[in-house]
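Take a look at the structure below.
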Amino acid sequence: MTTLTGTGALTRLAFRRDRVMLVGWIYALTAFVAATVYGFKKLYATAVLRDAFATTVAHNPSLLSLYGPLFGRSLGSLTSWRDAAIGGVGFGLMSIFLVVRHTRADEESGRLELVGSTAVGRHAALVSGLLVASLASVAAGGLIAAAAIALGLPAAGTFAMAAAFTAGGLAFTGIAAVAAQVAQTGRSARGLAIGVLGAAYLLRAAGDSSGPGGPRWLTWLSPVGWNELDRAFGSVRWWVLALPLATAIATVTAGAVLAVRRDYDAGLLPQRPGPGAATAGLRSPLALAWRLHRPSLIAWIAGALIYGVVIGAAAKGIGGLLTSAEVRKVVANLGGQPGLAGSYRAALTNAFLAAIMSFAGLIAAGYAISAVLRLHTEESEQRADAVLATSTGRISWGLSHVLIAVGGTVAVLVTIGLGAGLGYAYRGGGGGAEVARLVGAGLAQAPAALVMAGIAAALFGLFPRASVAGSWSALGVAVLMLVLGAILRLSHWILDISPYQHLPKLPGSAVSAAPLIWLSVIALALGAMGLAGVRGRDIG
Amino acid sequence: MNDAIDVAGLRKAYGKVVALDGFDLTVAVGEVHGFLGPNGAGKTTTIRILLGLLRSDGGTARLLGGDPWADATALHRRLAYVPGDVSLWPNFTGGEVIDLLGRLRGGIDPARRASLLERFELDPTVKARAYSKGNRQKVALIAALASDVELLLLDEPTAGLDPLMEAAFRRCIEEERQRGRTVLLSSHILSEVEALCDRVTIIRRGRAVETGSLADLRHLTRTSIEAELAGPPAGLDGIPGVRNLDVEGNRVRCQVDTDKLDGLLRVLTGIGVRTLVSQPPTLEELFLRHYSGGGPDGDLAGEGPADAPGDGTADAERDGVSA
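From first to last, the protein sequence lines stand for chains F and S. For the first sequence, position 475 (counting from the first letter as 1) is numbered 474 according to numbering that gives the first Met the number 0, and the numbering increases by one without interruption. For the second sequence, position 41 (counting from the first letter as 1) is numbered 40 according to numbering that gives the first Met the number 0, and the numbering increases by one without interruption.
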């Protein structure tokens with residue numbers, strides 16, 4: 000028996016467990032790129048239109064920061080420009096979720112112990128997790144290439160773009176493998192790897208939006224940045240693909256080495272004893288929930304601060320703009336409304352910040368959903384039983400977690416706004432008034448993010464089994480609508496489903512209270528439905 | 000109201016799977032009540048309904064005079080629960096969990112907490128993820144026993160404990176009984192049930208198949224008889240309560256319901272008895288028979304693995320005789 004015995008069986012088991020999830024991920028990634036090609040084909044049908052568009056992009060740091068530089072003027076170039084970074088994040092997330100699910104999360108739940116006691120080698124579980132994630136990246140890359148070629152993109156460039164996606168997915172497969180060894184729970188392993196992914200995105204955002212003489216090399220440090228650096232559809236630099244592949248090999252090796260050095264169910268950090276008695280404050284459901292949420296909320300707020308500062312600093316860098324109608328159009332596509340504020344330049348900065356704040360709203364929704372779903376974890380891990388068998392009522396149990404999710408969501412948004420204001424001010428872009436304006440813009444996202452939290456709460460109360468998949472799918476739909484809605488020219492009837500569609504584009508446009516109030520009422524109603532569901536149903 | 004727990008005709012189904020099918024259970028105040036049954040018989044479902052975690056589909060359940068679903072929070076101040084599979088927050092120490100659960104229940108006695116920690120030899124500074132199953136069990140037990148409550152609901156509380164800790168647990172339950180507390184103890188460990196319980200209820204496929212004091216139950220068991228007679232055995236077939244009759248020349252082996260024993264003996268002495276070995280009924284035999292399918296009056300009783308211990312003893316004794 001070698002350390003790999005049983006890998007095949009475990010891999011088949013993983014495919015059986017993940018068949019729905021894998022199809023969902025691969026479909027979403029393929030559809031994302033295919034929809035971009037399709038949308039751009041309609042939006043910029045002629046070379047003249049594409050030329051104008053390319054010129055505006057080249058001089059617009061906000062677009063550079065969001066999507067990176069544009070190499071070439073073909074339909075393929077536009078597609079690759081638009082999708083490289085966001086697609087890279089998508090591939091990264093897929094790899095992280097798959098790897099952690101089959102390694103640390105299974106180890107934490109004890110399933111791996113059962114499997115490991117059979118004729119299965121020491122490395123089998125890790126390798127099968129890596130195989131599943133790698134094959135998913137390869138399959139998604141292959142389908143993206145097939146779809147793009149079918150839609151008329153040239154084969155060589157398409158291959159370069161798809162290969163970069165796949166290689167990036169492999170790099171994050173390895174990074175997740177290391178995170179799964181270092182962290183002790185599935186949750187923290189995912190958090191660690193997603194933190195690396197977020198940092199990679201921000202590195203390339205900072206690098207791409209810096210002007211000549213600025214720290215452009217930052218992009219070269221970012222696994223997400225490598226996706227654009229191979230210049231698919233331009234003069235392709237195939238050797239750039241070696242960077243993610245080398246990263247994948249190095250991190251997978253590191254993961255395998257670390258896996259041997261640690262004990263089952265242990266992280267790399269030694270376990271230290273803790274206090275023998277609870278602090279005086281730990282005496283209510285809310286105190287318990289706070290204690291459970293605190294570490295992840297701190298991590299989210301730290302991430303939010305970094306995101307805000309980087310983006311705020313990038314926004315200040317917006318200069319040397321071309322005042323063309325195309326820029327207006329693109330900025331409008333991004334979600335901004337140029338022209339409402341005073342000068343055009345300020346309007347463009349505002350439009351950029353507004354687009355950034357929309358992303359902030361989605362990020363905050365990610366926090367909100369994960370915080371609400373902790374109720375689901377508590378229930379499925381049977382820790383809810385112990386609490387509910389005390390004089391804690393179901394409503395106070397549910398409400399304790401929901402309140403922290405709400406407070407945390409607001410805190411994440413305020414932090415992003417604060418960070419953006421500070422980053423902006425740091426580059427000399429105004430003082431306290433700007434900070435306050437951006438904090439307000441962040442807060443304006445709260446009603447929509449809380450609607451997403453409300454969806455998670457309602458699902459948990461009424462359809463607990465569907466709550467995890469349902470909540471994250473709802474967020475996925477909101478992300479796709481925001482990113483692709485304008486390109487695809489979707490009907491307003493469809494776009495209006497997303498709560499984000501109804502938010503004011505802040506900073507830089509007029510605020511009307513009605514949609515904010517309506518969204519808050521909807522969020523509240525969904526939350527109330529969820530709690531009522533929790534009160535009426537069986538637990539466990 | 001003399002009963003701490005009064006359950007009648009309780010029903011609960013999960014989809015098409017029926018967990019409880021008209022289950023009855025009565026536990027008097029101050030009683031230690033054993034709750035037995037094979038895996039999946041409905042013990043945990045019953046306890047979860049009593050805790051108000053599940054809503055029953057039919058029948059009535061009263062707990063400490065209240066409705067376990069509607070009055071859950073008020074009732075929970077008066078009871079403590081130890082689940083069969085204790086799951087703790089991985090980043091909490093054992094001491095923190097004990098304090099937290101005790102406080103959520105309405106208060107914890109620090110002196111009792113300290114003495115229980117000592118008796119169960121638990122280090123409260125260890126993080127929960129580092130505890131073994133037995134130590135997690137101890138955390139839940141200490142949290143429950145250190146609370147000042149009227150009723151303890153214990154779902155296989157000793158499943159992971161070593162024999163020393165099991166003994167400590169028995170002493171604790173004995174003390175609880177002397178303090179007048181009511182205990183519902185779900186268990187598979189027969190010696191534990193025999194040592195601790197005033198009465199037991201056996202549940203099978205969602206129904207109570209037996210309930211009563213241990214003395215009552217012993218009456219329902221069967222005695223194994225092995226005899227060598229003076230003449231050929233005849234007329235044994237028709238005696239009520241006799242089963243597994245095995246005749247070999249003048250030797251007879253059979254089992255008989257304990258309350259029908261004298262009927263058989265009358266016939267045997269009529270023929271003339273040379274030797275007689277009577278194997279007294281054991282609780283284990285009773286439980287195994289219930290677990291494996293047949294009741295004391297069931298037809299399956301003689302065939303299943305239920306009778307394996309009885310047969311084994313008989314074999315051993317026969318070997319002894321022939322040696």
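Ideal Cβ placement from N, Cα and C applies to all residues, glycine included. Bear in mind the structure is a predicted one, so any value in this text is a computation, not a measurement.
Exercise. Where does residue 491 (chain F) land, buried or exposed, given buried means 16+ other C-beta within 10 angstroms?
Worked result: Walking along the first sequence from the start, residue 491 (chain F) turns up at place 492. Result: exposed.
For this session: Select from the stretch 124-135 of chain S all residues with a C-beta closer than 8 Å to any C-beta belonging to chain F, and list them in chain order.
Result: Answer set for the stretch 124-135 of chain S: 124, 125, 126, 128 and 129.
Problem set entry | Buried or exposed by the 16-neighbour rule on C-beta atoms within 10 Å, applied to residue 384 (chain F) | As a position in the first sequence, residue 384 (chain F) is number 385, starting the count at 1. Under this definition residue 384 (chain F) is a buried residue.
For this session: Leaving aside the five residues before and after residue 214 (chain F) along the sequence, list all residues of the same chain whose C-beta is less than 8 Å from its C-beta, in chain order.
Result: Counting from 1 along the first sequence, the entry for residue 214 (chain F) is found at position 215. Within the same chain, residue 214 (chain F) has close Cβ partners 205 and 206.
For this session: Mind reading off the beta-carbon distance from residue 82 (chain F) to residue 137 (chain F)? Whole number of angstroms is fine, and I expect it under 8 Å.
Result: Here residue 82 (chain F) corresponds to residue number 83 of the first sequence, with the count starting at 1. Here residue 137 (chain F) corresponds to residue number 138 of the first sequence, with the count starting at 1. That belief does not hold up - the Cβ atoms of residue 82 (chain F) and residue 137 (chain F) are roughly 18 Å apart, past 8 Å.
Exercise. If you draw a straight line from the alpha carbon of residue 30 (chain F) to that of residue 479 (chain F), how long is it in whole angstroms?
Worked result: On the first sequence, residue 30 (chain F) is found 31 positions in, with the first residue counted as 1. On the first sequence, residue 479 (chain F) is found 480 positions in, with the first residue counted as 1. The alpha-carbon of residue 30 (chain F) is positioned some 10 Å away from that of residue 479 (chain F).
For this session: Could you tell me whether the stretch 146-164 of chain S touches the stretch 506-514 of chain F, where touching means 3 or more Cβ pairs closer than 8 Å?
Result: no
For this session: Give the straight-line distance between the Cα atoms of residue 433 (chain F) and residue 518 (chain F), rounded to the nearest whole angstrom.
Result: In the first sequence, counting from the first residue as 1, residue 433 (chain F) sits at position 434. In the first sequence, counting from the first residue as 1, residue 518 (chain F) sits at position 519. Approximately 26 Å between the Cα atoms of the pair.
For this session: State the Cα-Cα distance for the pair residue 17 (chain S) and residue 54 (chain S), rounded to the nearest angstrom.
Result: Taking the second sequence and counting its residues from 1, one reaches residue 17 (chain S) at position 18. Taking the second sequence and counting its residues from 1, one reaches residue 54 (chain S) at position 55. Whole-angstrom Cα-Cα distance: 14 Å.
Problem set entry | DSSP-derived helix/strand/coil call for residue 207 (chain F) | Residue numbering aside, residue 207 (chain F) sits at position 208 when the first sequence is read from its first letter. Reduced to three states, the DSSP call for residue 207 (chain F) is helix.
For this session: Using the DSSP secondary-structure output, state which residues sit across from residue 57 (chain S) in a beta bridge.
Result: The count along the second sequence starts at 1 and reaches residue 57 (chain S) at position 58. Partner(s): S:10.
Exercise. Do we get a CB-CB distance below 8 Å when we pair residue 378 (chain F) with the residues of chain S?
Worked result: Counted from its first residue, the first sequence places residue 378 (chain F) at position 379. For residue 378 (chain F), no Cβ of chain S is located within less than 8 Å of the residue's own Cβ.
Exercise. Between the Cα of residue 475 (chain F) and the Cα atoms of F:388, F:522 and F:364, which residue gives the shortest distance?
Worked result: Walking along the first sequence from the start, residue 475 (chain F) turns up at place 476. It is F:364.
For this session: Give a yes or no on whether 8 Å exceeds the smallest Cβ distance from residue 538 (chain F) to chain S.
Result: As a position in the first sequence, residue 538 (chain F) is number 539, starting the count at 1. Taking Cβ atoms only, chain S reaches closer than 8 Å to residue 538 (chain F), which makes this a yes.
Exercise. Under the three-state reduction of DSSP, which class applies to residue 76 (chain S): helix, strand or coil?
Worked result: Residue mapping note: residue 76 (chain S) aligns to position 77 of the second sequence, counting from 1. In the structure shown, residue 76 (chain S) sits in coil (DSSP, three-state: anything other than H, G, I, E or B).
Exercise. When you compare each of S:265, S:245, S:274 and S:291 to residue 203 (chain S) by their alpha carbons, which one comes out closest?
Worked result: Locating residue 203 (chain S) in the second sequence gives position 204, where the first residue counts as 1. When the alpha-carbon of residue 203 (chain S) is set against those of S:265, S:245, S:274 and S:291, the nearest one is in S:291.
Problem set entry | Integer Cβ distance of residue 243 (chain F) from residue 166 (chain F), believed to fall under 8 Å | The count along the first sequence starts at 1 and reaches residue 243 (chain F) at position 244. The count along the first sequence starts at 1 and reaches residue 166 (chain F) at position 167. With 8 Å as the limit, residue 243 (chain F) and residue 166 (chain F) qualify as a contact, their Cβ atoms being about 4 Å apart.
For this session: Could you round the C-beta distance between residue 206 (chain S) and residue 20 (chain S) to whole angstroms and report it? I think they count as a contact, below 8 Å.
Result: Here residue 206 (chain S) corresponds to residue number 207 of the second sequence, with the count starting at 1. Here residue 20 (chain S) corresponds to residue number 21 of the second sequence, with the count starting at 1. Right, their Cβ atoms sit about 5 Å apart.
Exercise. At a Cβ cut of 7 Å, what residues of the stretch 157-185 of chain S count as close to chain F, listed as they run along the chain?
Worked result: none
Exercise. If you count every other CB in all the chains shown that lies within 10 Å of the CB of residue 462 (chain F), and 16 or more means buried, which is it?
Worked result: On the first sequence, residue 462 (chain F) is found 463 positions in, with the first residue counted as 1. When all chains shown are included, residue 462 (chain F) counts as exposed.
For this session: Name the one or two DSSP bridge partners that residue 254 (chain S) has.
Result: On the second sequence, position 255 is the one that residue 254 (chain S) refers to. In the DSSP output, where bridge partners are listed per residue, residue 254 (chain S) has S:223 and S:242.
Exercise. Does the beta-carbon of residue 482 (chain F) have 16 or more other beta-carbons within 10 angstroms, so that it is buried, or is it exposed?
Worked result: For the purposes of this step, residue 482 (chain F) is identified with residue 483 of the first sequence, where counting begins at 1. That one is buried.
Exercise. Is any beta-carbon of chain S found at less than 8 Å from that of residue 262 (chain F)?
Worked result: By 1-based counting over the first sequence, the position of residue 262 (chain F) is 263. No - not a single Cβ of chain S is within 8 Å of the one on residue 262 (chain F).
For this session: At 7 Å on the CB atoms, spell out the chain F contacts of residue 102 (chain S), in chain order.
Result: Within the second sequence, numbered from 1, the residue matching residue 102 (chain S) stands at position 103. Per Cβ cutoff of 7 Å: 282.
For this session: Report the neighbours of residue 89 (chain S) on chain F: residues whose CB is nearer than 9 Å to its CB, in chain order.
Result: Mapped onto the second sequence, residue 89 (chain S) falls at position 90. What residue 89 (chain S) touches in chain F: 107, 183 and 184.
For this session: Check the Cβ-Cβ distances between residue 32 (chain S) and every residue of chain F, and say whether any is below 8 Å.
Result: One-based indexing of the second sequence puts residue 32 (chain S) at position 33. It does not; no Cβ of chain F falls within 8 Å.
For this session: Name, please, each residue of chain S whose Cβ falls closer than 8 Å to the Cβ of residue 390 (chain F).
Result: Residue 390 (chain F) sits at position 391 when you count from the first residue of the first sequence. Ordered by position in chain S, the residues that pass the 8 Å Cβ test against residue 390 (chain F) are 72, 73, 75, 76, 103, 104 and 105.
For this session: Please name the residue in S:88, S:81, S:50 and S:56 whose C-alpha comes closest to that of residue 70 (chain S).
Result: In the second sequence, residue 70 (chain S) corresponds to position 71, counting from 1. That would be S:50, whose Cα lies nearest to the Cα of residue 70 (chain S).
Exercise. For residue 300 (chain F), which option in F:406, F:529, F:24 and F:272 has the closest C-alpha, if you only look at C-alpha atoms?
Worked result: The count along the first sequence starts at 1 and reaches residue 300 (chain F) at position 301. It is F:406 whose Cα lies nearest to the Cα of residue 300 (chain F).
Exercise. Within 8 Å (strictly less), CB to CB, does residue 277 (chain S) reach chain F?
Worked result: For the purposes of this step, residue 277 (chain S) is taken as the residue at position 278 of the second sequence. Judged by the 8 Å Cβ criterion, residue 277 (chain S) is not in contact with chain F.
Exercise. Can you list the residues of chain F that residue 86 (chain S) reaches, using a CB-CB cut of under 9 Å?
Worked result: One-based indexing of the second sequence puts residue 86 (chain S) at position 87. 380, 381, 382, 384 and 385, listed in chain order.
Problem set entry | Proximity below 8 Å, CB of residue 77 (chain S) to CB of residue 63 (chain S) | If you number the second sequence from 1, residue 77 (chain S) lands on position 78. If you number the second sequence from 1, residue 63 (chain S) lands on position 64. Contact flag set, yes.
Problem set entry | For residue 211 (chain S), the residue or residues it bridges with in DSSP | What you label residue 211 (chain S) is simply residue 212 of the second sequence in a count that begins at 1. Under DSSP, residue 211 (chain S) takes part in a beta bridge, and its partners are S:199.
For this session: Report the neighbours of residue 449 (chain F) on chain S: residues whose CB is nearer than 8 Å to its CB, in chain order.
Result: The sequence position of residue 449 (chain F) within the first sequence is 450, counting from 1. Under the 8 Å cutoff, chain S gives no residues; its nearest Cβ is about 26 Å from residue 449 (chain F).
Exercise. If you follow the alpha helix (DSSP H) that residue 461 (chain F) is part of, which residue opens it and which one closes it?
Worked result: Here residue 461 (chain F) refers to the residue found at position 462 when the first sequence is read from its first residue. Counting along the chain, the alpha helix (DSSP H) containing residue 461 (chain F) begins and ends at 445-461.
Exercise. If you count every other CB in all the chains shown that lies within 10 Å of the CB of residue 288 (chain S), and 16 or more means buried, which is it?
Worked result: In the second sequence, residue 288 (chain S) corresponds to position 289, counting from 1. Buried, since its Cβ has 16 or more Cβ neighbours within 10 Å.
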